[in-house]
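Residue numbers (full-length UniProt numbering): 1 to 465.
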Amino acid sequence: MFLVERLKKHLPITHLMAVIICVVIIGLTTMLMPSTDAPASGLPTQFTQPQISDPEPLSPFGLQSDNGDASKADSGNTQIAMVSQSVQSAAIPPTQQKPDVWQDITVRSGDTLTSVFQRAGLTGRDAFLVSSAVKGTDALKRIYPGQTLSFVLEEKQLVKLKHVRNQLESSLLTATDQGYSVKEITKQPEIAARFAKGTIENSLFLDASAAGMSDKMIMELAAIFGWDIDFVLDLRQGDSFNLVYEEKFLDGKKIGEGNILSAQFVNQGETYTAIRYTDSDGNSSYYTPEGDSMRKTFLRSPVDFARISSSFKSRRKHPVLGLTRAHKGTDYAARTGTPIKAAGDGKIIWRGKKGGYGNCVIVQHGGNITTLYGHMNAFRKGQKTGSRVGQGDVIGYVGQTGLASGPHLHYEFRVNGVHKNPQTVKLPQAASIDKAERQTFFAEAQKTLAQLESFKATQLASAAN
Numbered sequence: 001m002f003l004v005e006r007l008k009k010h011l012p013i014t015h016l017m018a019v020i021i022c023v024v025i026i027g028l029t030t031m032l033m034p035s036t037d038a039p040a041s042g043l044p045t046q047f048t049q050p051q052i053s054d055p056e057p058l059s060p061f062g063l064q065s066d067n068g069d070a071s072k073a074d075s076g077n078t079q080i081a082m083v084s085q086s087v088q089s090a091a092i093p094p095t096q097q098k099p100d101v102w103q104d105i106t107v108r109s110g111d112t113l114t115s116v117f118q119r120a121g122l123t124g125r126d127a128f129l130v131s132s133a134v135k136g137t138d139a140l141k142r143i144y145p146g147q148t149l150s151f152v153l154e155e156k157q158l159v160k161l162k163h164v165r166n167q168l169e170s171s172l173l174t175a176t177d178q179g180y181s182v183k184e185i186t187k188q189p190e191i192a193a194r195f196a197k198g199t200i201e202n203s204l205f206l207d208a209s210a211a212g213m214s215d216k217m218i219m220e221l222a223a224i225f226g227w228d229i230d231f232v233l234d235l236r237q238g239d240s241f242n243l244v245y246e247e248k249f250l251d252g253k254k255i256g257e258g259n260i261l262s263a264q265f266v267n268q269g270e271t272y273t274a275i276r277y278t279d280s281d282g283n284s285s286y287y288t289p290e291g292d293s294m295r296k297t298f299l300r301s302p303v304d305f306a307r308i309s310s311s312f313k314s315r316r317k318h319p320v321l322g323l324t325r326a327h328k329g330t331d332y333a334a335r336t337g338t339p340i341k342a343a344g345d346g347k348i349i350w351r352g353k354k355g356g357y358g359n360c361v362i363v364q365h366g367g368n369i370t371t372l373y374g375h376m377n378a379f380r381k382g383q384k385t386g387s388r389v390g391q392g393d394v395i396g397y398v399g400q401t402g403l404a405s406g407p408h409l410h411y412e413f414r415v416n417g418v419h420k421n422p423q424t425v426k427l428p429q430a431a432s433i434d435k436a437e438r439q440t441f442f443a444e445a446q447k448t449l450a451q452l453e454s455f456k457a458t459q460l461a462s463a464a465n
């Protein structure tokens, strides 16, 4: 205070205020300056704190500080170092990719790609751009009710799109600077062999279901032996079957079934054995252990599991006309709408109404065989006179058009224009194993039959215990 009073007497007031301001600035600067004794732990290691050779720091009034003032300055330096260190530790970590947030949209009946996109918050233009990008791929080729489309959006822009077609197949679209990239994702299931057997007490369908077989597997078993056994007429109580087929698993969970690998059917005391074989070109079919094809050039029955209501006869009273005349075909009673299959490969030479046959299809097979299918409720769409059809292709549906007393298929088999009994006519055999494949086939057949016999023996031993 004494110093200030003396300065007041010798300096004008403006000069005095300037001196005071300078002293305060110098004092504050000195307090904030790091101490030469305290390390600057909060600074980067490559930075070297300069050594300052200034005199003792001044107090706010320009006087040399005593020890107490020095300790306050050190305290200030320590606080600065602590702040610096905390800032360094709170620095933003390296950029981490945010996890994708997926929005799942289930396809509904009647949906289009545009309607699904709109429910996801996108526009019709987005749907158009995506559909253009995936042309030529399986992605979004067909979408069905129950399938899932999953979206990742950022600021209302599509970033990723996943189309799950089934449990094993899906497609992933990712936005790029050039549009969208498409990646096909395929999972491989684990395959396990399963054995099933049964005895006919009621029907193939009921007894195979009781043996634990699915509808799909029952139909495949019937198709394998369908050229040799008429499952409407030929089955007897006590007939039996056994087979080895594939089951598919994904992550330990069963997701479906594969192919029948081998099968046996005992019908009226005769045993039929079929082995699945894939040739060097990747074509698969079923053969006898001797290498003959299980496939004939014609199906024995063009309708699955139908009841024969009228057989091939030289004399029969017509149920509508009341006249007695020959019945030159076989009638299969079935529900309206039951699929009718072409008995063999050929070309449609008639498709339309034909007198008492009603809606009728005639197929030409080679040069001398024709088959006729009458009383159809409807024809299969997409076919016409002149269309080629393959064995087993659906050509129409059971009905009762024409002179029919109830829904059924009237089926005729003609050789050189002469009617033959479809149930007894000898059917030509399909091609056997190619000579170049026979050695490989017999080696594979031996392993396949050994597997079948092993399963049978294990089943018998288990039943005995």
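The beta-carbon is built from N, C-alpha and C at its ideal position, and this holds for glycine as well.
No experiment lies behind these values; they were computed from the predicted model shown.
Tell me where the alpha helix (DSSP H) around Ser284 begins and ends. Element bounds for Ser284: not the alpha helix (DSSP H) but the beta strand (DSSP E), Ser284 to Tyr287.
Answer yes or no: do Glu246 and Asn259 have a C-beta to C-beta separation smaller than 8 angstroms? yes
Count the other C-beta atoms from every protein chain shown that fall within 10 angstroms of the C-beta of Ser301, then say buried if there are 16 or more, exposed otherwise. buried
Any chance you could list the alpha helix (DSSP H) runs of at least 4 consecutive residues sitting entirely within the stretch 181–227, in chain order? 204–210 and 215–225
Alpha carbon to alpha carbon, what distance is there between Asn202 and Gly238? 10 angstroms
Opposing strand residues paired with Met376 [DSSP bridges]: Asn359 and Val398
Have a look at Ile20, Gln423 and Ser285 and flag the residue whose alpha-carbon is nearest the alpha-carbon of Glu437. Ser285
Taking the alpha-carbon positions, what's the Lys420 to Glu412 distance? 8 angstroms
Cβ contact (3+ pairs, closer than 8 angstroms) linking the stretch 393–409 and the stretch 325–337: yes
To which residues of the same chain is Gln383 closer than 8 angstroms at the C-beta, ignoring the five residues directly before and after it? Ile348, Arg351, Val389 and Ile395
Quick check: the Cα distance between Asp138 and Arg108, rounded to an integer number of angstroms? 20 angstroms
Once the 5 residues before and after Ala192 are set aside, which same chain residues still bring their CB inside 6 angstroms of it? Glu247
Between the C-alpha atoms of Gly355 and Asp234, what's the straight-line distance to the nearest angstrom? 32 angstroms
Buried or exposed: where does Leu299 fall if 16 or more other Cβ atoms within 10 Å of its Cβ makes it buried? buried
How many angstroms separate the CA atom of Thr424 from the CA atom of Lys296? 14 angstroms
I'd like to know if Asp111 contacts chain D, where contact means its C-beta is closer than 8 angstroms to some C-beta of that chain. Structure shown: chain D not included; a single protein chain is present.
CB of Gln364 within 8 angstroms of CB of Ile255, strictly: no
Phe241 bridges to which residues according to DSSP? Gly198 and Phe265
What residue does the alpha helix (DSSP H) around Ser462 start on, and which one ends it? Arg438 to Ala464
Taking the alpha helix (DSSP H) that Gln118 falls in, what are its first and last residues? Leu113 to Arg119
On the DSSP letters alone, give me the boundaries of the alpha helix (DSSP H) that Val134 sits inside. Per DSSP, Val134 belongs to no alpha helix (DSSP H) and is neither H nor E.
Residue from Gly146, Thr448, Ser115 and Asp345 whose Cα sits closest to the Cα of Ser387: Asp345
When the Cα of Gly417 is compared with those of Lys141, Asn368, Val232 and Ile143, which residue comes out closest? Asn368
Compute the distance between the beta-carbons of Leu452 and Ser262, then report whether it is under 8 angstroms. yes
Which same chain residues end up closer than 7 angstroms to Met294 when comparing Cβ atoms and leaving out the 5 residues on each side of it in sequence? Ile224, Trp227, Ala274, Tyr286, Tyr287 and Thr288
Less than 7 angstroms between the CB of Lys420 and some heavy atom of the ligand SAM, yes or no? For the ligand SAM, the structure offers nothing, since it holds no ligand at all.
When you compare only the Cα positions, how much space is there between Ser86 and Lys187? Its pLDDT being 41, under 50, Ser86 is placed unreliably by the model, and nothing is read from it.
So what does DSSP say about Lys435, is it helix, strand or coil? helix
Euclidean distance between Cα positions of Met213 and Ser454: 20 angstroms
7 angstroms Cβ shell around residue 466 - same chain, five flanking residues per side excluded: Since the first and last residues shown for the chain are 1 and 465, residue 466 lies out of range.
Please go through the same chain and pick out, in chain order, the residues whose beta-carbon is closer than 7 angstroms to the beta-carbon of Tyr373, but skip the five residues on each side of it. Pro302, Ile340, Cys360, Val361, Ile395, Gly396, Leu409 and Tyr411
Expressed to the nearest angstrom, what Euclidean distance is found between the alpha-carbon atoms of Ala326 and Arg380? 30 angstroms
Are there 16 or more other CB atoms within 10 angstroms of the CB of Ser171, so buried, or fewer, so exposed? buried
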